[in-house]
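**Q**
There are 4 protein chains.
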Amino acid sequence: MANATTSNRPSLRHIGGDKREAIMSAALDLFVDRGFFGTTVPEIAEKANVGAGTIYRYFDSKEALVNELYRQEKQRFATNVIENWTPPSGARELFRTLWSKMAKFATQHPKSFVFLELHHHARYLDKASIELEQRMLALFTGTVIAAQARRELKDAPPRLLMALVMGAFVGVVRNCVEMSEPLTAADWQTAEQCMWEAIRA
Amino acid sequence: MANATTSNRPSLRHIGGDKREAIMSAALDLFVDRGFFGTTVPEIAEKANVGAGTIYRYFDSKEALVNELYRQEKQRFATNVIENWTPPSGARELFRTLWSKMAKFATQHPKSFVFLELHHHARYLDKASIELEQRMLALFTGTVIAAQARRELKDAPPRLLMALVMGAFVGVVRNCVEMSEPLTAADWQTAEQCMWEAIRA
Amino acid sequence: MANATTSNRPSLRHIGGDKREAIMSAALDLFVDRGFFGTTVPEIAEKANVGAGTIYRYFDSKEALVNELYRQEKQRFATNVIENWTPPSGARELFRTLWSKMAKFATQHPKSFVFLELHHHARYLDKASIELEQRMLALFTGTVIAAQARRELKDAPPRLLMALVMGAFVGVVRNCVEMSEPLTAADWQTAEQCMWEAIRA
Amino acid sequence: MANATTSNRPSLRHIGGDKREAIMSAALDLFVDRGFFGTTVPEIAEKANVGAGTIYRYFDSKEALVNELYRQEKQRFATNVIENWTPPSGARELFRTLWSKMAKFATQHPKSFVFLELHHHARYLDKASIELEQRMLALFTGTVIAAQARRELKDAPPRLLMALVMGAFVGVVRNCVEMSEPLTAADWQTAEQCMWEAIRA
DNA sequence: CATGAATGAGTATTCATTCAT
DNA sequence: CATGAATGAATACTCATTCAT
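Chains as they are written, first to last, in the working numbering: chain S, 1 to 201; chain D, 1001 to 1201; chain A, 2001 to 2201; chain W, 3001 to 3201.
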C-alpha cells in the first residue's frame, strides 16, 4: 500500500511481517467466536493461509500468541482512546469525548473490542498483559475521582461508576456484534446521553 | 446389588439425584473460572466426588452437561426474577423491582449469573437452550415497548436500552466477582438509581 | 502365575501392574535397538499392546519412562551382581565371582545390559539416575584400590583397569547380541581368564 | 552473481568443499553428543555456519549425511590404522603397532572414534556403510586366525578375542572422553600391555 | 448403579526438507 | 550457489468417553 515512496525497493522489509499480521488477525477472529481453548492452532493457520509450523516462527506458543494479541489490541485501544489526551475542562465534555472515541474504536474494530473484553481475566494472560490492563484502569479511576471532587459525577464508588459505564458500553457492542449489524451514529449518541445521565451528579 | 431388599423405598431414587446435583454444581464452578473447553471431565468428577464414568450416567456428554446446566440456571434466574410477576403500574416501580430481584439473584448465586453471561452465545448451546434465552428476551422487550408507549422510558431502540441496562448490570456483577467482595445493598441501590436515570424519559 | 497362595483374592493388586511391566519391557526392547529418540511413544504402546494414552497413566513422560527403566535395570543389575556380597579373600576369586555374576546377568537379560550401556551418559537421565550410576562406580573403584594395595592387581590407574575390564565385557556382550547367538559357558570362562590376565599384577 | 569475472579461477570450486567439510565436522560433533535423532538439521547448519538449505546442496538427506560421515570416518580410521601395512613378523609386534596406531587415532580424533563406535549398528546405516565395516572386520579376523595358528594367541574364538580387545579399547576411549581428559602416553602403553596379556597364548 | 483404568482421536509443537529470492 | 522463511508430516501428550469389574 502506501509504499509509493519506496517503490524501487522490493518489499523485503515486509517479509514475514505480512504473515505475522495474518496470523494475529486470524487468531483474533477465532478467539472471539470460539474462545481460546475452543480454537486450534491448525484452524488459525488455515484461516491465516499459512502452514501450521509457520505460526511457531512468529510465536513461541499458542499462549504467547494470545498474550501478544492481547497486548497489541489493548495498546491499539489505548492509543485510539487516549491519544491527544488533553482532558477537557468539564466532565460532560470529557465523557462525550471518551465515549465517542471508544465508539469509533468499537465500530472500526468490533472483534478487537470483544476480544479484549472476553480475555480480560483469562488465566493464560501473563504478567505483562495484566499490568497493561491495570495501568489503564488506574488512569480512568483517577479521572473519575477528580470529577467527583468537582461535584460533576454522582458520589458513588468510582469502581461502581466505571463498571456501570464500561458494562453498558460492552453490552451495546456485544449486542450489535451478535446481531451483526453496526449501530448508527445516532444510536451511539443516544447511548452516550443515557449513560451520562446515569452517572452525572 | 443389594437393591432387592430396598426396592420398596422410593426415596432411593434420589440418591442419584444427589450425585447429579453434585456434578452440576462442580461443573458450574469450573466452567465459570476455566471456561467450557478449559475444564476437563475428570476435573468435574473429582470436584463432585464421583467417578469420571458416573457423569455419563447422568449426562450424555460434556456438551449435554453444559446445556442442561445452562437451562437449569437460566430457569432458576427466570424463576427468581419473574416469579409473582404482577407488573406494577409504573415503569419506575417495575424497574426497581426487576433490578432488585436480579441483584438478589446475582448476590446469592454469583457463579450462576456469571456462567449465564459467559455462555450466552457459545456455539455448544443447543436449540432448546437458545430458545429459552430468546423467550426471556422477548418478554423484556415487550415490557420496554409498553413503557415507551406510556412515555416513561426514553424513545430509543428497545434493544439498545436493554443492552445498556443488562450490560451495566453484568459489569457491576463481574466487577464484584473479580474483586471477590460482594456489593453492599446501598451500592446496589445506587447502581439502580443510576441506570434508572439512564433510561427514563 | 505363582499366586496359588492368594488364589481366592482376585488379582486386584495386579491391575495395571501388568501393563506397567508390559510398557517397560516394550520400551526396553525398542530403546535398545532404535535409541531413545528413535523410538516413538506409539511404537512402545503398540509393542506393549496398550493404548498410547495408557503409557501416561504410568509415566509422566517419555523421559520419565527411560529414567524409571534405567533405574530399574541398574537396580536389577546391582542386585544380581552384588547380592550376598562377601568379598572373598583374594582378588582372583573376587574377579571370577563378579565376572560370572555379570555374565549370568548379561546372558539372562542381554537387552537390559545393552540398554544400561547405551544410556550410560545420555543427557535425558535425571539426577537420581546418575547418582545411582556413580554409587556403583565408587564401590568398584574402592575394591580395585584395595586389591592394588595387596599387590594383586597391576599398578595402573584404577579407572583405566575398570574401563578395560568393563569395556571388554561390554564388547563381548554386544558382539553376541549382534550375532544374536548367546555365548557358551566355556566362552565366558575363557573371556574371564583373558581379562584376569590383563589386570593381574 | 559476480562469478563472470572469476570464471577462470578453478580454485573457486573448493569454496563449496569448505562448506561441505564444515557441515560434516559440525554433524560429527553433534551426533556424538546428542545422537542421530537427537540432532536437528538446523543445529548442524548453525554450528557449521551455513544456511539450513545449504546442507541439502551437499547431501541428499540427513540420513545420507550420517552415512557419508560414517564412511569418511571409517575410511580415515582404516587409513590411519592400516596404512603402510607390512605385517610385522610377530603377533606381539603387530599388536603393539595396531594398538598404538589406534591410540594415536583415538587421541587425535576422539569424536571420530566415538562416533564410529556409537553408530556401529544403527539402522540408518546403508549397505555401503555396513560393507565397509565388515571388510575391516574380516581383515582383522584373518590376522587373528593366522596368529593363533602360530600359537601366539590364545586358542579362543577369534571374534571373542577381537571383541575383548576392541571392547577394552573403546572402554578406555569412552572413559577419557567422559572425563574429558586425554590419556597419557604411559597410560596407553599400560593398557596395551594389559590387553596383550589378555590375549597372548 | 458406580467406578476409574483404558483407550484413541485430537491437539500443540517440532523438524526435515523445499524453494523463492 | 547460498539462504532461511515456509511448510506439513510426524511426534509427544491430553482428554472425552467406554466398559469390565
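Every residue gets a Cβ at the ideal spot worked out from N, C-alpha and C, and that includes glycine. Being a predicted model, the structure only gives us computed values, none of them experimental.
1. Answer with buried or exposed for W/H3023, where buried requires no fewer than 16 other C-beta atoms within 10 angstroms of its C-beta.
2. Three Cβ pairs or more, each shorter than 8 Å: is that satisfied between the stretch 3044-3056 of chain W and the stretch 3106-3126 of chain W?
3. In the DSSP assignment, what residue or residues form a beta bridge with D/R1200?
4. With a cut-off of 9 Å, does the C-beta of S/N49 fall near any C-beta of chain D?
5. Does the Cβ of S/T190 have 16 or more other Cβ atoms within 10 Å, making it buried, or fewer, making it exposed?
6. Quick one, which residues of the stretch 2132-2159 of chain A are near chain W if we go by CB-CB under 7 Å, in chain order?
7. Rounded to the nearest angstrom, what separates A/V2050 and W/A3168 at their Cα positions?
8. So, using beta-carbon positions, are S/G142 and D/L1164 closer together than 9 Å?
9. On a Cα-Cα basis, can you pick out the residue from D/K1019, D/V1032 and D/Q1148 that is closest to D/F1095?
10. Which one of A/A2064, A/V2144, A/A2156 and A/K2101 has the shortest CA to CA distance from A/T2079?
11. Which of the residues in the stretch 88-99 of chain S, read from start to end, lie with their CB under 9 Å from any CB of chain D?
12. Counting only Cβ-Cβ distances shorter than 7 Å, please list the residues of the stretch 3178-3194 of chain W near chain A, keeping chain order.
13. Is the stretch 113-129 of chain S close to the stretch 149-158 of chain S, with three or more CB pairs under 8 Å?
14. What residue does the alpha helix (DSSP H) around S/V165 start on, and which one ends it?
15. Can you grab the Cα-Cα spacing for the pair A/R2020 / S/F31, in whole Å?
16. Which two residues bound the contiguous alpha helix (DSSP H) that contains A/P2110?
17. Return the chain-ordered list of same chain residues with a C-beta closer than 6 Å to the C-beta of W/K3047, the five sequence neighbours on each side being excluded.
18. With respect to the alpha helix (DSSP H) encompassing W/Y3124, which residues constitute its N-terminal and C-terminal limits?
19. Out of S/Q193, S/S61 and S/R76, point me to the one whose CA is closest to S/A106's CA.
20. From S/V41 to D/M1136, what does the alpha carbon distance come to, in whole angstroms?
21. Rounded to the nearest angstrom, what separates A/R2159 and A/L2069 at their Cα positions?
22. Chain D beta carbons: is any one of them nearer than 9 Å to that of S/A168?
23. D/Q1134 by DSSP, collapsed to three states: which one?
24. By DSSP, does W/T3039 sit in helix, in strand, or in coil?
25. Helix, strand or coil: how does DSSP classify W/A2943 here?
26. Determine, for S/D60, whether the minimum Cβ-Cβ distance to residues of chain D falls below 9 Å.
27. Is S/G16 close to chain D, meaning its C-beta is less than 9 Å from at least one C-beta of that chain?
28. Could you check which residue in D/Q1108, D/N1067, D/R1092 and D/N1084 has the C-alpha nearest to that of D/V1177?
29. Look at S/E244 and S/L125 and say whether their C-beta atoms are less than 9 Å apart.
30. Closest to S/A122 by C-alpha separation, out of S/N84, S/C194 and S/E63, would be which residue?
31. Using a beta-carbon distance below 9 Å, is A/F2105 in contact with chain W?
32. Alpha carbon to alpha carbon, how far is S/L161 from S/L183?
33. Quick one: residues in its chain with C-beta nearer than 6 Å to the C-beta of W/T3039, no 5 flanking neighbours on either side, listed in chain order?
34. Under a Cβ-count criterion, where at least 16 other Cβ atoms within 10 Å of its own Cβ denotes burial, should A/R2092 be classed as buried or exposed?
35. Sorted by chain position, which residues of the same chain lie with C-beta nearer than 8 Å to S/L28's C-beta, five sequence neighbours on each side aside?
36. Grab the span of the alpha helix (DSSP H) containing A/N2049 for me, first residue to last.
**A** So, from the data block:
1. Here residue 3023 of chain W refers to the residue found at position 23 of the fourth sequence. The identity of residue 3023 of chain W in the sequence shown is Ile, whereas the question assumes His. It counts as buried.
2. no
3. As a position in the second sequence, residue 1200 of chain D is number 200, starting the count at 1. Beta-bridge pairing links D/R1200 to D/L1153.
4. Taking the first sequence and counting its residues from 1, one reaches residue 49 of chain S at position 49. No, because no Cβ of chain D sits closer than 9 Å to the Cβ of S/N49.
5. Within the first sequence, numbered from 1, the residue matching residue 190 of chain S stands at position 190. With 16 or more Cβ atoms within 10 Å of its Cβ, S/T190 is classed as buried.
6. K2154, A2156, P2157 and R2159
7. Reading the third sequence from its first residue, position 50 is the one you call residue 2050 of chain A. Reading the fourth sequence from its first residue, position 168 is the one you call residue 3168 of chain W. Whole-angstrom Cα-Cα distance: 40 Å.
8. Here the question's residue 142 of chain S lines up with position 142 in the first sequence. Here the question's residue 1164 of chain D lines up with position 164 in the second sequence. Taking 9 Å as the Cβ cut-off, S/G142 and D/L1164 do not qualify as a contacting pair.
9. Here residue 1095 of chain D refers to the residue found at position 95 of the second sequence. When only C-alpha atoms are compared, the closest one is D/Q1148.
10. The residue labelled residue 2079 of chain A in the question sits at position 79 within the third sequence. Taking only the C-alpha atoms, the option nearest A/T2079 is A/K2101.
11. none
12. E3178, D3187, T3190, A3191 and C3194
13. no
14. Counting from one through the first sequence, the residue named residue 165 of chain S turns up at place 165. Note, S/V165: alpha helix (DSSP H), P158 to E178.
15. Along the third sequence, one-based indexing puts residue 2020 of chain A at 20. Along the first sequence, one-based indexing puts residue 31 of chain S at 31. Distance between the alpha carbons of A/R2020 and S/F31: 40 Å.
16. The sequence position of residue 2110 of chain A within the third sequence is 110, counting from 1. Looking at the DSSP string, the run of the alpha helix (DSSP H) that includes A/P2110 is P2110 to H2119.
17. Residue numbering aside, residue 3047 of chain W sits at position 47 when the fourth sequence is read from its first letter. Counting only Cβ-Cβ distances below 6 Å, and skipping sequence neighbours, we find A3026.
18. Your numbering for residue 3124 of chain W matches position 124 in the fourth sequence. Where W/Y3124 is concerned, there is no enclosing alpha helix (DSSP H), given that its DSSP letter is neither H nor E.
19. Here residue 106 of chain S refers to the residue found at position 106 when the first sequence is read from its first residue. Of S/Q193, S/S61 and S/R76, the residue nearest in Cα terms is S/R76.
20. Reading the first sequence from its first residue, position 41 is the one you call residue 41 of chain S. Reading the second sequence from its first residue, position 136 is the one you call residue 1136 of chain D. One C-alpha to the other measures close to 37 Å.
21. Position 159 of the third sequence, counted from the start, is the residue given in the question as residue 2159 of chain A. Position 69 of the third sequence, counted from the start, is the residue given in the question as residue 2069 of chain A. Taking the straight line from one Cα to the other gives about 26 Å.
22. Residue 168 of chain S sits at position 168 when you count from the first residue of the first sequence. S/A168 counts as touching chain D.
23. Taking the second sequence and counting its residues from 1, one reaches residue 1134 of chain D at position 134. In the structure shown, D/Q1134 sits in a helix (DSSP, three-state: H, G or I).
24. Position 39 of the fourth sequence holds residue 3039 of chain W. If DSSP states are grouped into helix, strand and coil, W/T3039 belongs with coil.
25. Shown here, chain W extends from 3001 to 3201; a query on residue 2943 of chain W therefore has no answer.
26. For the purposes of this step, residue 60 of chain S is identified with residue 60 of the first sequence, where counting begins at 1. So, not an interface residue.
27. Residue numbering aside, residue 16 of chain S sits at position 16 when the first sequence is read from its first letter. Low per-residue confidence applies at S/G16: pLDDT is 44, beneath 50, and the placement is therefore not dependable enough to give any value.
28. Reading the second sequence from its first residue, position 177 is the one you call residue 1177 of chain D. Among D/Q1108, D/N1067, D/R1092 and D/N1084, the Cα nearest to that of D/V1177 belongs to D/Q1108.
29. Nothing in the structure corresponds to residue 244 of chain S, since chain S is present only between 1 and 201.
30. The residue given as residue 122 of chain S occupies position 122 in the first sequence. Checked all of S/N84, S/C194 and S/E63; the closest Cα to S/A122 is S/E63.
31. Here residue 2105 of chain A corresponds to residue number 105 of the third sequence, with the count starting at 1. No, A/F2105 lies away from the interface with chain W (no Cβ there is under 9 Å from its Cβ).
32. In the first sequence, the residue the question calls residue 161 of chain S occupies position 161. In the first sequence, the residue the question calls residue 183 of chain S occupies position 183. Distance between the alpha carbons of S/L161 and S/L183: 24 Å.
33. Within the fourth sequence, numbered from 1, the residue matching residue 3039 of chain W stands at position 39. So the qualifying residues of the chain are L3030 and F3031.
34. For the purposes of this step, residue 2092 of chain A is taken as the residue at position 92 of the third sequence. The residue in question, A/R2092, is exposed, as its Cβ has fewer than 16 Cβ neighbours within 10 Å.
35. The sequence position of residue 28 of chain S within the first sequence is 28, counting from 1. Cβ neighbours of S/L28 beyond the five flanking positions: L69, E73, K111, S112 and F115.
36. Position 49 of the third sequence holds residue 2049 of chain A. No alpha helix (DSSP H) holds A/N2049; DSSP gives it neither H nor E.
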